[in-house]
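What follows is a short report on a single structure.
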Amino acid sequence: MAARDLSKTFEEFESEDLSLETSVPTDFTMSPEPNESKQNKRQITKHLIERKQLIHDLQLLRIELSQKNLAIENMKAESIQRVDELEEKLNDALHQKQILQARLESQLAIQEEDAKKRQDMIKHELLEVRQRQQQLESANNRLREKAGDVMKSLKDLNLSEEKFYELRGMKEDELSLRDYVAVRLFEQTKPLQTEIDQLRMRNKSLDDGEKSCSKQMIDLQEQLAEERQQHGELRVKFQKISLELAEIKSLVKTDNYKVENYDRVKIQRDNFESDQLDVTRQLNVLEAAHQNLLRERDELQRELSTTRQSLALIKQDKDYLSRQICDVSNKSSYTEEKLEQLNRQLEDAKRAREEMYDKYVTSRDEYKREYENKLQEELDNIRIKTNAEIDRLRTSTKEMYERENRNLREARDMAISEKEKMQATERETTTKYEQLLNEFRQLQMAGDSRVVEIQNDLKIKTFEYERAQMVYEEAMKNLKETQIDMEKMQKKNEVLTKEYYHLQTALEKKLVGLEAEISDKTAKLQTYERLEQELDDVVMQAAEVENEADAEKVLFSYGYGANVPSNSKRRLQQSVHLARRVIQLEKANTSLRQEINREKTRTQELADEIKSSNELLNHAEQPYNYLIDSIRVRDQTLNQQKQHIRKMEEDIR
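Numbering (UniProt numbering), first residue to last: 1 to 653.
Structure (structure tokens):
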């Protein structure tokens with residue numbers, strides 16, 4: 001608007017002041033002389049030419065002046081536009097500076113208030129902690145005194161059953177701490193003591209049974225040795241009697257009565273031999289069953305010891321995992337509280353940011369309205385000033401031109417200097433704004449990263465908690481399975497002990513019957529031997545008599561034709577059976593020695609495995625690793641024992 005007013009004023013000035021043309025020419029109508037008139041005409045034409053030349057030059061000057069005025073107007077308009085832009089930028093920069101300064105002051109005030117609040121809270125918390133520490137120290141001293149008194153009172157907690165039933169009949173309020181603890185301890189330890197006593201009695205009974213079986217086996221071995229000796233003696237006697245029998249056979253071939261008695265005795269002898277073979281078979285079966293029971297008892301004892309060790313390890317793992325779960329739950333609760341605090345701080349920062357942005361928008365609108373009002377007032381003032389300057393310009397164009405140029409140069413210099421100052425202030429404000437923005441972004445990024453880290457830690461802790469819970473559940477399952485296996489083994493042990501006792505009683509009964517039969521047979525054998533000796537004596541006496549009739553009388557007088565077991569075939573059969581029995585016993589002895597060697601190698605392998613497992617246990621860092629290794633070793637031992645049982649069953653078959 002100011003540039004348009006200046007151009008109009010310049011055009012009016014040119015049209016008014018610089019119009020040098022004369023509308024009325026001078027009139028020289030006189031009556032001079034002709035020469036003078038010629039000279040005057042020449043002068044007039046010259047004057048007219050000069051005047052036209054001047055008018056032409058003046059028009060050229062007008063054109064140049066208008067061009068220069070246009071250029072000056074353009075320069076003025078550009079300078080005014082630049083001034084307006086610089087003023088706008090200056091106002092924006094000042095506005096931003098004020099906003100940033102107000103924000104900085106508010107943030108500093110907020111931080112100072114937060115710092116004061118935190119200091120007050122820390123002081124208050126320190127006072128509370130000190131008071132709580134003093135209370136805890138006093139409570140700790142009291143508890144230590146009480147613990148000392150309780151330890152003094154809980155030194156001797158052994159109770160008899162009479163004292164236990166007497167204290168149990170009393171009420172819990174009437175009991176002292178020592179009596180109450182002693183009663184609870186007695187209730188907890190009594191079933192364990194009874195179980196230990198039962199196990200000891202069972203162990204003693206098994207040891208006694210083992211000793212009795214070993215004694216019986218030694219007695220049977222001694223009897224076997226005695227029978228072998230007797231067998232050797234009988235073989236010698238058999239040879240002698242066979243020779244004598246060969247001599248006597250020729251004498252008693254015609255006696256039918258003797259043949260009949262001989263057949264009956266032979267039948268009895270065969271029956272006795274078959275009974276003896278059955279008894280020896282039963283004895284072998286019982287010995288094999290006894291060995292199997294001893295092996296199963298040893299295996300059950302080993303399995304019981306391994307299950308006890310695994311149960312103790314599982315209890316330790318349970319305690320360790322419970323402690324770990326408590327620590328993880330405490331850490332997770334602490335991280336959740338910290339996360340809630342950080343979320344609250346983040347929400348407070350977001351609210352403060354929104355409030356600052358609202359304040360910035362309102363203050364910016366207010367400053368904009370004030371700037372527009374000031375700009376309108378300045379434009380009005382500029383219009384008034386331009387009108388006054390136009391009045392002054394009409395008086396002197398050249399002075400105005402020079403003054404305007406000078407003023408424009410100064411204004412340009414001032415504008416440039418103000419522009420540079422405003423640019424510097426703008427740079428400073430932008431740098432400060434960028435610094436504050438970077439700090440805010442860093443704080444926001446740090447808060448976000450901290451929240452992400454806490455969330456990741458929480459996920460890791462939850463995963464570890466779930467993993468520990470799974471390991472705990474697996475350990476509990478394994479514990480239940482081991483308890484079930486223990487119960488099965490205990491039931492199996494009870495059944496086997498019952499069978500063992502039943503077999504032992506049956507064996508004792510059979511042994512008593514066999515001893516009775518053996519005593520009867522030994523008595524019969526002695527009678528037969530006595531009869532054979534008498535027969536030998538009679539035959540020798542008859543041989544000494546020269547007369548056959550007298551010899552027959554001697555034989556009949558001593559019971560010739562009685563039931564005497566003097567058959568060579570029977571003796572040969574008996575010797576063959578005894579030889580077979582000896583061979584069978586030797587085979588059984590060799591097989592038992594091989595089994596003993598295999599068991600020794602097996603025990604050596606198991607000892608090496610136990611050593612390796614112990615080394616693994618010593619090198620293990622975590623209890624559930626040890627649990628896994630122990631379960632793996634137990635599975636391997638179970639598989640090997642199953643294979644061994646299968647081999648033994650195949651060998652038995």
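Note that the Cβ used here is the ideal one computed from N, Cα and C, for glycine as well. Values in this document were obtained by computation on a predicted structure and should not be read as measured data.
{"query": "Is the segment 361-371 close to the segment 103-114, with three or more CB pairs under 8 Å?", "result": "no"}
{"query": "Helix, strand or coil: how does DSSP classify Lys171 here?", "result": "coil"}
{"query": "Using the C-alpha atoms, what's the distance from Leu220 back to Glu529?", "result": "25 Å"}
{"query": "For a test of the three-state rule: what should DSSP assign to Ser176, helix, strand or coil?", "result": "coil"}
{"query": "Less than 8 Å separating the beta-carbons of Leu177 and Leu167?", "result": "no"}
{"query": "DSSP on Ser160, reduced to helix/strand/coil?", "result": "coil"}
{"query": "Could you check if Lys521 belongs to the surroundings of the ligand SAH, using beta carbon to heavy atom distance under 7 Å?", "result": "For the ligand SAH, the structure offers nothing, since it holds no ligand at all."}
{"query": "Use the C-beta contact count for Leu90: other C-beta atoms within 10 angstroms, 16 or more gives buried, fewer gives exposed.", "result": "buried"}
{"query": "What residue ranges within the segment 329-375 form continuous alpha helix (DSSP H) runs of no fewer than 4 residues, ordered along the chain?", "result": "none"}
{"query": "Rounded to the nearest angstrom, what separates Arg295 and Asn478 at their Cα positions?", "result": "27 Å"}
{"query": "Label Met422 either buried or exposed according to how many other C-beta atoms from any shown protein chain fall within 10 Å of its C-beta, with 16 as the threshold for buried.", "result": "buried"}
{"query": "Sorted by chain position, which residues of the same chain lie with C-beta nearer than 8 Å to Lys491's C-beta, five sequence neighbours on each side aside?", "result": "none"}
{"query": "Does the distance from the CB of Lys331 to the CB of Lys459 come in under 8 Å?", "result": "no"}
{"query": "Spatial neighbours of Asp27 within its chain, please: C-beta separation below 8 Å, excluding the five flanking residues on both sides.", "result": "Summary for Asp27: the model assigns pLDDT 41, below 50, so the residue's position carries little reliability; its value from the coordinates is reported in the next sentence. Hits under 8 Å: none found."}
{"query": "Could you tell me if Asn493 is buried or exposed, where buried requires 16 or more neighbouring beta carbons within 10 angstroms of its beta carbon?", "result": "buried"}
{"query": "How long is the line joining the alpha carbons of Tyr465 and Gln483, rounded to whole angstroms?", "result": "26 Å"}
{"query": "Which same chain residues, not among the five before or five after Arg4, have their C-beta less than 7 Å away from its C-beta?", "result": "Any reading at Arg4 is ruled out, since the residue's pLDDT is 44, under 50, leaving its predicted position unreliable."}
{"query": "Alpha carbon to alpha carbon, how far is Asn343 from Ser329? Give it in angstroms, no decimals.", "result": "21 Å"}
{"query": "Straight-line CA distance for Asp457 to Arg297?", "result": "53 Å"}
{"query": "Alpha carbon to alpha carbon, what distance is there between Ser363 and Glu389?", "result": "38 Å"}
{"query": "Checking 8 Å against the spacing of the C-beta atoms, do Ala468 and Gln324 come in under that value?", "result": "yes"}
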